[in-house]
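Using my numbering, you'd call the opening residue of the sequence shown number 677 and step up by one each time.
All residues carry an ideal CB built from backbone N, CA and C; glycine is no exception.
Here the structure is laid out as structure tokens; the discussion comes afterwards.
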Amino acid sequence: MKNIVIQLGDIKVRAKLNGSQAAGLIWDALPIKSFISTWGKEIYFQIPVKAKLEEGFSSETAELGDLGYWPEGDCFCIFFGATPVSKPGEIRPASAINLIGKLDDDWEILKTVQEDQPVIIQEED
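And the structure:
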């Protein structure tokens, strides 16, 4: 597990990247800067990483606080609730993602994040 900090506008959260290939590519690309988009209770943003779905890490659903990499859009995703395609009791991305890590901090704070704010991912000090 590798520790990162994600700065979303004025909000800062800590997270851990797992041992997936996509997470390793993201780690190698740090620091990453982008701009926030939202889709329901999912924050996502394009990053300069290209990876494919990985056996053992790909999923059609996510859990609260999961970090994902969406290969179809080269996007880093943070899940904190239902998306427009979620069924009751689940969190469903637009299509399959690689699960790449988990938030260490409370995901509730993410409800205040706004579209088009800057986002920076970097190694935790």
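Helix, strand or coil at Asp801 according to DSSP, with G and I counted as helix: Here residue 801 is taken as the residue at index 125 of the sequence shown, counted from 1. In this structure, Asp801 counts as coil in the three-state DSSP scheme.
Can you tell me the Cα-Cα spacing of Pro769 and Asp801, whole angstroms? Numbered from 1 along the sequence shown, position 93 holds the residue referred to as residue 769. Numbered from 1 along the sequence shown, position 125 holds the residue referred to as residue 801. Cα-Cα distance, rounded: 31 Å.
DSSP-derived helix/strand/coil call for Ile708: Translated into the one-based positions of the sequence shown, residue 708 becomes position 32. Looking at Ile708 - three-state DSSP - the assignment turns out to be strand.
Would the beta-carbon of Phe756 fall within 8 Å of that of Leu775? The residue you call residue 756 lines up with position 80 of the sequence shown. The residue you call residue 775 lines up with position 99 of the sequence shown. Contact: no.
Taking only the alpha-carbon atoms, compute the straight-line gap between Ile682 and Pro764 and give it to the nearest angstrom. Position 6 of the sequence shown, counting from 1, holds the residue named residue 682. Position 88 of the sequence shown, counting from 1, holds the residue named residue 764. About 29 Å.
Proximity to Ser710 [Cα-Cα], best of Trp746, Lys688, Pro760, Tyr720: Here residue 710 is taken as the residue at index 34 of the sequence shown, counted from 1. That would be Tyr720, whose Cα lies nearest to the Cα of Ser710.
Buried/exposed call for Glu736, threshold 16 Cβ in 10 Å: Numbered from 1 along the sequence shown, position 60 holds the residue referred to as residue 736. Counting Cβ neighbours within 10 Å, Glu736 comes out exposed, since fewer than 16 surround it.
State yes or no: is the C-beta of Ile723 within less than 8 Å of the C-beta of Ile754? Against the sequence shown, residue 723 aligns to sequence position 47. Against the sequence shown, residue 754 aligns to sequence position 78. No, they are not a contact pair.
Taking C-beta to C-beta, are Gln798 and Gly685 nearer than 8 Å? Locating residue 798 in the sequence shown gives position 122, counting from the first residue. Locating residue 685 in the sequence shown gives position 9, counting from the first residue. No, the pair does not count as a contact, with Cβ atoms beyond the cut-off.
Tell me the residue span of the beta strand (DSSP E) that contains Leu779. Here residue 779 refers to the residue found at position 103 when the sequence shown is read from its first residue. Looking at the DSSP string, the run of the beta strand (DSSP E) that includes Leu779 is 773 to 779.
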